Structure formats: structure tokens, C-alpha cells
Amino acid sequence: MTSSIDRPGTANGEVEVRGLAKRYGAVDALQPTSFRVTGGTFVTLLGPSGSGKTTLLKLIAGFEEPSAGSVHISGHAITDMAPYRRNVGFVFQQYALFPHLTVAQNVSYPLEMRRMPRVAIDKAVANTLELVRLSDLARRRPSQLSGGQQQRVALARAIVFRPPVLLMDEPMAALDKRLREEMQLEIRGLQRTLGITTISVTHDQSEALVMSDRILVLRDGMLQQSGTPEDLYHNPRNEFVASFVGESNILRGRVENGPGGPSMALGDGLGIPLGAPAPPAGAEIVCVLRPEAIEIGGEPSVDHFETVGEVVDRIFCGDVVRVRLRLVGAPETTLVAKMPTQRRLVFVPDTGTMVRVAWRTEELIVIERH
Ligand SMILES: Nc1ncnc2c1ncn2[C@@H]1O[C@H](COP(=O)(O)OP(=O)(O)OP(=O)(O)O)[C@@H](O)[C@H]1O
Ligand SMILES: [Mg+2]
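Heads up: the sequence shown begins at 6 in the working numbering, then just goes up one per residue.
See the structure below:
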């Protein structure tokens with residue numbers, strides 16, 4: 006399918022920002038930020054409240070003027086262009102539908118703004134309503150729709166003019182968990198079909214992992230890391246990214262060189278072996294160990310670091326049991342492990358039990374060194 010209806014050949018949907026920044030009085034909402042989004046990909050801006058996600062999206066859409074830097078779409082500098090001329094679709098956090106207009110009228114609005122002929126409008130609207138599975142509800146008003154249906158109207162209105170770029174600000178925040186998960190897959194499917202470059206904001210890390218080709222992590226108006234979901238999960242650049250994307254055990258210590266190779270000495274003395282290449286002896290390091298990398302019970306294995314821990318507590322979460330462990334020799338350190346709940350096959354020890362705790366050396370990822 007085609008990704009755009011106008012300027013064939015030039016509208017490849019690539020989005021680039023160069024040194025883009027926004028200051029509100031004394032607040033640096035966005036520090037100078039540069040990145041490029043390849044045409045047709047789905048990118049998520051992920052970060053806690055106040056990290057600058059909406060600000061960045063508004064700057065790309067043209068609803069705010071940058072304090073510095075530039076925005077380029079499909080290779081054209083558009084920093085000074087009015088929002089409606091940028092040919093960008095936008096879905097707001099609150100869907101901002103017109104309450105007095107029907108579904109079809111809401112969706113046709115952007116085309117009327119563009120003074121498209123009536124026949125073409127009707128055709129495009131019918132087409133788009135079919136894409137978002139709303140054809141049967143075309144004559145209803147927003148107040149007569151469920152949250153998920155309203156969300157689809159907002160989406161239809163944003164894509165009806167086939168923009169090469171779609172921006173979404175927490176499009177699913179108002180939906181309950183189940184509907185949200187359904188819509189995530191639906192939006193992702195639609196995005197792939199249409200080939201629209203999509204930049205979507207969320208502070209829900211699982212949504213970011215499920216939907217994105219790339220994730221950009223923001224904190225305090227600063228871009229922390231950009232990469233594929235797998236990149237961010239397996240190679241987080243710093244402690245913030247490690248704790249924000251997925252669940253982490255963070256371990257701090259000093260590198261030591263022993264007869265058995267380099268290890269990390271935790272504050273309370275226990276030495277944990279490090280894989281190659283290890284930082285030099287004496288370095289203070291921060292490491293991540295993902296909960297699913299930790300084995301509890303089972304038989305010793307040569308390529309594992311083996312120790313013993315006490316089960317502090319265990320929480321049943323449905324698909325996994327989260328087990329908190331206190332390591333022998335490092336009573337100040339507690340680790341969270343996740344054990345899958347294929348019942349009866351897996352043994353989950355009781356609170357207070359001493360158990361084998363082990364992980365493959367390479368599962369311990371060094372993320373910071375000082
Ligand atoms: N119009 C404004 N005037 C002054 N400060 C603003 C304005 N808009 C945003 N800010 C500030 O800029 C920072 C970034 O805000 P932004 O809305 O981009 O955050 P966000 O990441 O979208 O957060 P949330 O997840 O809560 O929506 C915040 O500290 C916010 O208070
Ligand atoms: Mg926001």
C-alpha cells in the first residue's frame with residue numbers, strides 16, 4: 006500500500022530533529038535533542054511524568070515553537086511551518102472529538118479543512134471508518150460510543166488524509182487494561198498496513214516494548230537512550246533506563262581481580278564473578294541482573310555462579326511467582342527472581358527456606374563504571 010497521497014517520491018515520512026529544545030521560563034522542558042526516525046517505523050517516546058514527551062511531540066507537530074533547533078519531515082525543514090501545513094496526523098491524550106458532530110463528520114473534518122471535493126471526502130471517510138472497524142457507527146455521536154470506539158474515531162480522524170507521519174500522545178491512557186492491549190495490536194497492525202511513520206508517547210513500558218521498532222527514553226527533558234526494545238532491555242546505558250525498561254536488580258560494588266578472574270565485591274563482601282571484558286580492578290560499577298536470569302533450586306552447573314540465599318517472600322502474579330531472596334554473605338542485598346508458574350513442574354520454595362541461587366555469569370550486565 007502507499008504511505009502518502011501527495012508529493013510522491015518526497016514524502017518518505019522520515020522525521021528528524023536537530024538540536025531541538027524548549028524552555029518555558031526557567032524550566033528546560035526539552036534539552037537540545039537530536040534523532041532521526043526512519044520512514045514507516047513505529048517509535049515510542051517513553052519516560053516518567055514531566056520528562057518532556059508531550060513537549061517533544063508538540064514541537065514536531067508545530068503546536069509549540071522551539072527555543073532552539075529544527076524539525077525535518079521527509080527531508081524538508083518545517084520548523085516555521087504552521088501545524089496544518091505539516092501534513093501530520095495527531096491523536097491527543099483526550100481524544101478531543103467534536104461532541105456535536107457524528108462519527109463520520111468528525112472524521113471528515115480534516116478533509117473539509119483541506120477543501121477536498123465532497124465525493125472524495127465521502128469515499129475517504131468510508132474507507133477509513135472501515136479500516137478502524139467503525140462503519141456501522143458512522144452516524145453516532147461521540148457520547149454514544151465506548152472509550153475504545155472514541156479512540157478509534159480519533160485515530161481515523163488523524164489518518165483520514167493519509168499523512169506520512171502520525172503523532173500520538175498517550176492514545177490509550179483512558180482505556181482499561183484489556184482494551185488497551187487489544188488496541189495496541191490493532192494500532193500496530195494498522196500502522197504496518199499503511200506504512201505511516203508513527204511517534205507515540207507513553208509512560209507504560211510494556212506498551213513501549215510491545216509496539217515499537219525503536220524506543221526513545223526521556224528523563225528530565227534529556228534523551229537517555231534510543232534503541233530497539235531488545236537493545237534497551239539487554240544493554241541499558243544507565244541505571245535509569247535499566248529500571249524503567251523491564252524489572253531489574255541493581256547491584257553496586259568494586260571490581261577485584263582474584264585467582265578465579267575478575268569479580269564484583271558487593272558492599273557487604275560477597276564476590277560475584279564478572280564476564281569478559283571486565284572493567285579494571287578498583288572501578289566502582291553498577292550492574293543489572295534481570296529477575297528471569299536468576300535460577301532458584303536445581304542442580305549446580307559449571308557455567309553458573311552459585312550461591313545460597315534465603316527466601317524473604319514470594320508473590321504469585323499469575324504467569325510468574327516473584328521471589329525475593331537475601332544472599333548468604335550479603336545480607337544487605339536482596340534480589341528479585343521470577344519463576345514461571347507451569348504448575349507442579351516448578352518448585353517454589355517457602356518463605357524462610359535456604360535455596361540454591363545461581364545465574365550465568367554473562368547475565369550480569371555492567372552498565373556504569375566510575
Ligand atoms: N506551557 C508550559 N509552561 C511551563 N512549563 C511547562 C509547560 N508545558 C510543560 N511544562 C513543563 O515542562 C516539563 C515537561 O512537560 P511535558 O508535558 O512535556 O511532560 P510529559 O513527559 O509529557 O509528562 P506527562 O507524562 O505527565 O504527560 C514539565 O516540567 C512541565 O511542567
Ligand atoms: Mg504528556
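Think of the CB as a built atom: it goes at the ideal place given N, C-alpha and C, for glycine as much as any other residue.
Note that the coordinates shown come from a computational prediction; the quantities given were computed from them, not determined experimentally.
Ligand 1 heavy atom lying under 7 Å from the CB of residue i
i	result
Ala342	no
Tyr100	no
Val32	yes
Ser148	no
Gly67	no
Gly52	yes
Tyr89	no
Gly18	no
Tyr238	no
Gly55	yes
Tyr29	yes
Spatially closest choice to residue i from the options, by CA coordinates
i	options	result
Glu337	Leu256, Arg185, Glu175	Leu256
Arg28	Gln230, Glu367, Asp225, Val325	Asp225
Asp355	Glu368, Ala247, Arg374, Arg319	Arg319
Phe68	Leu223, Val96, Gly194	Val96
Tyr114	Ala161, Ala87, Val307, Gln156	Ala161
Arg259	His375, Gln196, Gly280	His375
Ser39	Asn111, Arg329, Leu223	Leu223
Thr339	Val32, Ile299, His239	Ile299
Met227	Ala101, Asp33, Val22	Asp33
Ser253	Pro241, Pro264, Asn262	Pro241
Phe352	Asp308, Arg91, Glu304	Glu304
His239	Pro284, Ser268, Arg295	Arg295
Leu61	Ile204, Ala101, Gly276	Ile204
Arg119	Ser268, Pro168, Val206	Pro168
Leu275	Val22, Thr202, Ala335, Val130	Ala335
Arg41	Glu297, Leu171, Ser231	Ser231
Gly272	Ala129, Glu289, Val108	Glu289
Whether residue i touches residue j by CB criterion (8 Å)
i	j	result
Ile372	Ala342	no
Gly94	Ala143	no
Gly200	Leu180	no
Thr312	Val293	no
Ala73	Pro37	yes
Ser75	Ala66	no
Thr46	Asp174	no
Pro278	Phe310	yes
Gly323	Val360	no
Leu116	Ile126	yes
Val158	Leu150	yes
Val246	Gln210	no
Pro71	Leu106	no
Ser54	His208	yes
Leu416	Gly265	Shown here, the chain extends from 6 to 375; a query on residue 416 therefore has no answer.
Thr198	Val20	no
Leu51	Ile220	yes
Gln155	Tyr89	no
Identity of the residues DSSP links to residue i by a beta bridge
i	result
Asn254	Leu294
Ile164	Note: Ile164 sits in no beta bridge, so no partner.
Asp318	Arg329
Thr207	Leu51
Lys343	Arg327
Val76	Val22
Gln278	Note that residue 278 corresponds to Pro in the displayed sequence, not to Gln. Bridge partners of Pro278: Ser268.
Phe97	Paired residues: none, contrary to the question.
Leu172	Phe95, Ile204
Thr38	Leu25
Residue i beta carbon near ligand 2 (any heavy atom closer than 7 Å)
i	result
Asp355	no
Lys128	no
Thr207	no
Lys58	yes
Asp174	yes
Contact set for residue i: own chain, Cβ-Cβ below 8 Å, skip 5 residues either direction
i	result
Glu212	Thr49, Met177, Arg185, Gln189
Pro104	Arg146, Pro147, Ser148
Met86	Gly67
Same chain, Cβ closer than 7 Å to residue i, five either side skipped, listed in chain order
i	result
Glu244	Ile255, Val291, Ile372, Glu373
Pro13	With a pLDDT of 38 at Pro13, under the threshold of 50, the modelled position of that residue is not reliable, and the figure given next carries that caveat. Within the same chain, Pro13 has no close Cβ partners at all.
Val316	Val328, Leu330, Pro354, Asp355, Thr356, Gly357, Thr358, Val360
Thr133	Val112, Ala161, Ile164, Val165
Gly57	Ala34, Leu35, Leu223, Gly226
Phe321	none
Thr7	Caution is warranted here: a pLDDT of 34 is assigned to Thr7, below 50, making its placement in the model unreliable, and no coordinate value can be reported.
Trp364	Leu294, Ala298, Ile299, Glu300, His309, Phe310
Sequence-distant residues of the same chain with beta carbon closer than 6 Å to residue i, five excluded per side
i	result
Pro282	none
Asn17	Gly44, Ser79
Residue i Cβ short of 7 Å to ligand 4 heavy atom set
i	result
Ser211	Looking at this structure, you won't find ligand 4 anywhere; what it does contain is ligand 1 and ligand 2.
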